[in-house]
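*Asks:* Once you've had a glance at the structure underneath, I'll fire off some questions.
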């Protein structure tokens, strides 16, 4: 079998050699025979004739030889391809419509699939990545769903969980790297020594971190990523042992990571040891995760996630015995969740992506239905020709393969165009900032995806051929041949098939349009949410402060605030450790003096901030009671704080919050550690505009919190963007080593926080616009055909006195019936889809009557427009011409 | 010598293999050789020879190579491959069994029944 295939492939490869050789061989035979006849005494002319006659038809011998060599199917295929290409080029309008439809539909699917593949399907780039898990602490009853893991968690779990081969902890950060005057801010990560062994990929040069390097005295070592090594050390293999300056201190390079090493989507350039003080590792710090530290682990071969979870649960139960806060932690519903790393990382984006893929697929279905209808119409036009050919002996198989060749040719060509459209789609996605999605930086159409797309196109071609072949093979031979009409009759079955397709199309488009409407409305509602402050005219930026000395940091703050407020056009300037809606804000707890938790009442997590300068004025918070915090509070270290409306309402529903005492952390401390509430401000959105629960927030003086993170906000009188350069300059003047980045107006920041809502809404909008267009094309095509089919009938009726209006309304009635059926189906579909995508919606019911009505209105009016043209054409048919068969 | 006999179906392949096994031959040579070794008792329709040759080449029972004929013309010469030799042996044995069986059957006299 294999040998035969090889012989066949040789014959195909050197096809012209094969043909030439065969002709030569046969000619040689005939000439030899002629010569022999001449030698035996036959006159030359007669010999030539006899040799030819005895040999028989050279053409048919050649054909038999080709068949013997297995070449027949290929010749037949080539012939059918030529035939199909000729037919397609004869109907350029049909061909262009079909190709455009396919390009758009396949392109849309390819684009979305590229995203789905990169984010959901492709395994993480580590060996046996399916065994990597992450862990996080959750306190659901305190309103804290995720709180990372603590250093204590890591040390307690190391080597004690049998299901894990290894565990590791890491945290992200930034560091100022380089010699004075030429520093760069680099993204860094602090990782425990077992981080690289857990992932299964370690330094390709040098070594990983050692246990000794997790002590703060001995942690001046660094591992470079390949990118950093290339950029700053020109891939110097002798780099191990050299020093780089990080945050003012010298660090020894001990390793270099291999090219392409990337943990999730992090842009980390340098890795440092996860070094901690012994007291950070103690069990009293078990619940101080705060979302900045995360744990990963690798499951042992054969161990399951459930086993790991059970072992973690058992350990937590055992450890709680010695936990001073055990009761409170239990009341908060504490649990440590083990989840697959990849799945957990993309969990937020998964439903959106799947819905987008469903939308793209619906588009493809509409396109395919359109094509089927157009192809069926084409087939009806050729029914007579095909019937005649069948009568003359064309076999079933021939009819089927001819239809398949034609449809596959179209879909493959459309698939190639779809690849181009997909490439364009990926570009469009990058404008939509899809690369900011988790794992979104790896989206690309590679060879594999292109192959999948073309394979899909081929499958679609075969699927499209089914109805065409069915239509051509149905026993309508006689009626088609006998029918006087040029194109043969349109059978009832074929007509209802076409109409059924139109109804399905309208229904699908209605679902898509309604879905897009729901997402759009949801985005609009989210954008209309007030963040709780006035984000207009506010410029914000993050400052990376390299000082380990707290007083130096405070001195920097003071100088910065002074310089900023002396600038013209600055109305107010303030500092905060973390900006709201930046995605970096975690929750912690505060203990209110005099508040006794009722039975069943969980401890509450709340957002806490350290603020300096005129933060509240700069952000535009509203003051409800008392006063704002000032720069003076921070400077003098006054133990005062401001709470927001939600916090005040929860703890002091009946009295004023002013003058009350609270403590940072989850227990009361000595009286001098307390804070007195001096003001109440309006509640602001903290994690996202679509936050539903109000968790409350407490604002402390910056100086009293020892949280080195720093963001600056400036309220300006002109457009805030214009102040960006001044801000950079002022910071550089104070300390040239301190970089400011992420300088963005606050309202842009808020709009960007909606990227997860905006992109799907926009994509769904594009999809449904295309869907509506496709429906219009489909209806137009089918109705035009119906009019052309019934020319004669219309002619007769007009000759008998029918008015144009009657003719027109006859066709409009057909369209209207289809439209109504499609809309009803579509409404049901829209309701189901809306219910299923409830998680994506914000303050929008799953079936919004206005949106549904609008969708139906749009599709209805466009469909009616699409059938008005052919109906109008019907009224202009001249009875004389129609009856004459012109 | 009477009228040449028609070939039984399936026997042409066997005869081609036999002809080619004696000496490499071009297509016309194969025809002549079959007529020669069958003492002109078999008639080969000329047109059916080539499809058979191409089929055998496709099955790699014979191999083809371009060479030069006696009268100095370019011609395609066929030789037997190892697989072809095996097939010829099998077919010859099969044919002999069949021929003797049929011969025995046809020579049966009433006494032997």
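Chains as they are written, first to last, in my numbering: chain V, 179 to 1064; chain A, 189 to 301.
Note that beta-carbon positions come from the ideal geometry of N, C-alpha and C, so glycine has one too.
Tell me the rounded alpha-carbon separation between residue 663 (chain V) and residue 641 (chain V).
*Replies:* Start at 1 with the first residue of the first chain, and residue 663 (chain V) comes out as number 485. Start at 1 with the first residue of the first chain, and residue 641 (chain V) comes out as number 463. Reliability of the predicted coordinates at residue 663 (chain V) is poor, the pLDDT of 47 falling under 50, and no value is obtained from them.
*Asks:* Going by the CB atoms, is the gap between residue 342 (chain V) and residue 477 (chain V) shorter than 8 angstroms?
*Replies:* On the first chain, residue 477 (chain V) is found 299 positions in, with the first residue counted as 1. On the first chain, residue 342 (chain V) is found 164 positions in, with the first residue counted as 1. Against a cut-off of 8 angstroms, the Cβ pair of residue 342 (chain V) and residue 477 (chain V) comes out as a contact.
*Asks:* Is DSSP giving residue 206 (chain A) helix, strand or coil here?
*Replies:* For the purposes of this step, residue 206 (chain A) is taken as the residue at position 18 of the second chain. Secondary structure at residue 206 (chain A): helix, using DSSP grouped into helix, strand and coil.
*Asks:* What whole-angstrom Cβ distance do residue 864 (chain V) and residue 793 (chain V) have, given they're in contact under 8 angstroms?
*Replies:* In the first chain, counting from the first residue as 1, residue 864 (chain V) sits at position 686. In the first chain, counting from the first residue as 1, residue 793 (chain V) sits at position 615. Taking the Cβ atoms as the reference, residue 864 (chain V) lies roughly 15 angstroms from residue 793 (chain V), outside the contact range of under 8 angstroms.
*Asks:* Roughly how many whole angstroms lie between the Cα atoms of residue 490 (chain V) and residue 544 (chain V)?
*Replies:* The residue labelled residue 490 (chain V) in the question sits at position 312 within the first chain. The residue labelled residue 544 (chain V) in the question sits at position 366 within the first chain. Each residue's Cα considered, the two are about 50 angstroms apart.
*Asks:* What are the boundary residues of the beta strand (DSSP E) that residue 320 (chain V) is part of?
*Replies:* Taking the first residue of the first chain as position 1, residue 320 (chain V) is located at position 142. Run containing residue 320 (chain V): none; DSSP gives neither H nor E here.
*Asks:* Taking residue 806 (chain V) as part of the alpha helix (DSSP H), name the residues at either end of that continuous run.
*Replies:* For the purposes of this step, residue 806 (chain V) is taken as the residue at position 628 of the first chain. Where residue 806 (chain V) is concerned, there is no enclosing alpha helix (DSSP H), given that its DSSP letter is neither H nor E.
*Asks:* Which residues in chain A have a C-beta closer than 8 angstroms to the C-beta of residue 234 (chain V)? List them in chain order.
*Replies:* One-based indexing of the first chain puts residue 234 (chain V) at position 56. In chain order: 233, 234 and 235.
*Asks:* Exposed or buried, residue 755 (chain V), counting other C-beta atoms within 10 Å across all chains shown (16 or more means buried)?
*Replies:* Stepping through the first chain from its first residue, residue 755 (chain V) is reached at position 577. With 16 or more other Cβ atoms within 10 Å, it is buried.
*Asks:* In whole angstroms, what is the alpha-carbon distance linking residue 285 (chain A) and residue 207 (chain A)?
*Replies:* Taking the second chain and counting its residues from 1, the one referred to as residue 285 (chain A) is at position 97. Taking the second chain and counting its residues from 1, the one referred to as residue 207 (chain A) is at position 19. If you take the alpha carbons of residue 285 (chain A) and residue 207 (chain A), they lie about 21 angstroms apart.
*Asks:* At a Cβ threshold of 8 angstroms, is residue 264 (chain A) touching chain V?
*Replies:* In the second chain, counting from the first residue as 1, residue 264 (chain A) sits at position 76. Judged by the 8 angstroms Cβ criterion, residue 264 (chain A) is in contact with chain V.
*Asks:* Determine which residues share a DSSP beta bridge with residue 853 (chain V) and list them.
*Replies:* Looking up residue 853 (chain V) in the first chain gives position 675. According to DSSP, residue 853 (chain V) bridges with V:840.
*Asks:* Just the chain A side, please: which residues come within less than 7 angstroms of residue 207 (chain V) by C-beta, in chain order?
*Replies:* In the first chain, the residue the question calls residue 207 (chain V) occupies position 29. Correct list: 215 and 216.
*Asks:* Hey, does residue 549 (chain V) have any beta-carbon neighbour from chain A nearer than 8 angstroms?
*Replies:* Looking up residue 549 (chain V) in the first chain gives position 371. Judged by the 8 angstroms Cβ criterion, residue 549 (chain V) is not in contact with chain A.
*Asks:* Return the bridge partner residues of residue 753 (chain V) from the DSSP annotation.
*Replies:* Here residue 753 (chain V) refers to the residue found at position 575 of the first chain. Note: residue 753 (chain V) sits in a beta bridge opposite V:790 and V:890.
*Asks:* Please name the residue in A:290, A:270, A:256 and A:232 whose C-alpha comes closest to that of residue 245 (chain A).
*Replies:* Along the second chain, read from residue 1 onward, the residue named residue 245 (chain A) stands at position 57. The shortest C-alpha separation from residue 245 (chain A) is found at A:270.
*Asks:* Would you verify that the beta carbon of residue 303 (chain A) is, or is not, closer than 8 angstroms to some beta carbon of chain V?
*Replies:* Beyond the ends of chain A as shown, which are 189 and 301, falls residue 303 (chain A); an answer cannot be given.
*Asks:* What's the gap between the Cα of residue 710 (chain V) and the Cα of residue 900 (chain V)?
*Replies:* To locate residue 710 (chain V), count along the first chain from 1; it is residue 532. To locate residue 900 (chain V), count along the first chain from 1; it is residue 722. Cα-Cα distance, rounded: 24 angstroms.
*Asks:* Could you tell me which residues DSSP puts in a beta bridge with residue 472 (chain V)?
*Replies:* Here residue 472 (chain V) is taken as the residue at index 294 of the first chain, counted from 1. Paired residue(s): V:348.
*Asks:* List, in chain order, every chain V residue whose beta-carbon is nearer than 7 angstroms to that of residue 316 (chain A).
*Replies:* Outside the displayed span of chain A (189 to 301) sits residue 316 (chain A), for which this structure offers no information.
*Asks:* What residues in its chain sit with their C-beta under 8 angstroms from that of residue 134 (chain V), if we drop five residues either side in the sequence?
*Replies:* Residue 134 (chain V) lies beyond the stretch modelled for chain V, which goes from 179 to 1064, so this question has no answer here.
*Asks:* Strictly under 8 angstroms for the Cβ-Cβ distance: is residue 204 (chain V) near chain A by that measure?
*Replies:* The residue you call residue 204 (chain V) lines up with position 26 of the first chain. In terms of beta-carbon proximity, residue 204 (chain V) lines the interface with chain A, with at least one pair separated by less than 8 angstroms.
*Asks:* Using alpha carbons as the reference points, say which of V:1004, V:249, V:310 and V:620 lies closest to residue 521 (chain V).
*Replies:* As a position in the first chain, residue 521 (chain V) is number 343, starting the count at 1. Nearest option by C-alpha distance: V:310.
*Asks:* Residue 544 (chain V) by DSSP, collapsed to three states: which one?
*Replies:* Against the first chain, residue 544 (chain V) aligns to sequence position 366. It is helical.
*Asks:* Could you name each continuous beta strand (DSSP E) segment of 3 residues or more that falls completely within the segment 699-781 of chain V, going from the start of the chain to the end?
*Replies:* 716-721, 748-754 and 765-770
*Asks:* Going along chain A in order, which residues have a C-beta closer than 8 angstroms to the C-beta of residue 219 (chain V)?
*Replies:* Within the first chain, residue 219 (chain V) is the residue found at index 41, counting from 1. Neighbours of residue 219 (chain V) on chain A: none; closest Cβ ~18 angstroms, over 8 angstroms.
*Asks:* Would you say the segment 891-911 of chain V touches the segment 804-815 of chain V, given that touching needs at least three Cβ pairs under 8 angstroms?
*Replies:* no
*Asks:* Can the beta-carbon of residue 451 (chain V) be found less than 8 angstroms from the beta-carbon of residue 397 (chain V)?
*Replies:* Here residue 451 (chain V) refers to the residue found at position 273 of the first chain. Here residue 397 (chain V) refers to the residue found at position 219 of the first chain. Yes. Within cutoff.
*Asks:* For the segment 744-753 of chain V against the segment 913-925 of chain V, are there 3 or more C-beta pairs whose distance is under 8 angstroms?
*Replies:* no
*Asks:* Which residues in chain V sit within 7 angstroms of residue 261 (chain A), going by Cβ to Cβ distance?
*Replies:* As a first step, residue 261 (chain A) must be located in the second chain, where it is residue number 73. Neighbours of residue 261 (chain A) on chain V, chain order: 206.
*Asks:* Under 8 angstroms, with one C-beta from each stretch per pair, do the segment 326-335 of chain V and the segment 354-364 of chain V reach the 3-pair mark?
*Replies:* Three or more Cβ pairs closer than 8 angstroms define a contact, and the segment 326-335 of chain V falls short of that threshold against the segment 354-364 of chain V.
*Asks:* I'd like the span of the alpha helix (DSSP H) that includes residue 289 (chain V), first residue to last.
*Replies:* If you number the first chain from 1, residue 289 (chain V) lands on position 111. Taken as a continuous stretch (DSSP letters only), the alpha helix (DSSP H) holding residue 289 (chain V) covers 270-294.
*Asks:* Look at the alpha carbon of residue 1056 (chain V) and the alpha carbon of residue 674 (chain V), and state the distance between them as a whole number of angstroms.
*Replies:* For the purposes of this step, residue 1056 (chain V) is identified with residue 878 of the first chain, where counting begins at 1. For the purposes of this step, residue 674 (chain V) is identified with residue 496 of the first chain, where counting begins at 1. So the alpha carbons of these two residues sit roughly 28 angstroms apart.
*Asks:* Starting from the N-terminal side, write out each stretch of the alpha helix (DSSP H) that is 4 residues or longer and does not extend beyond the segment 538-614 of chain V.
*Replies:* You should have 561-569 and 574-609.
*Asks:* Pair every Cβ in the segment 955-964 of chain V with every Cβ in the segment 926-939 of chain V, then say whether three or more of these pairs are closer than 8 angstroms.
*Replies:* no
*Asks:* Quick check on DSSP: helix, strand or coil for residue 915 (chain V)?
*Replies:* Walking along the first chain from the start, residue 915 (chain V) turns up at place 737. In the structure shown, residue 915 (chain V) sits in coil (DSSP, three-state: anything other than H, G, I, E or B).
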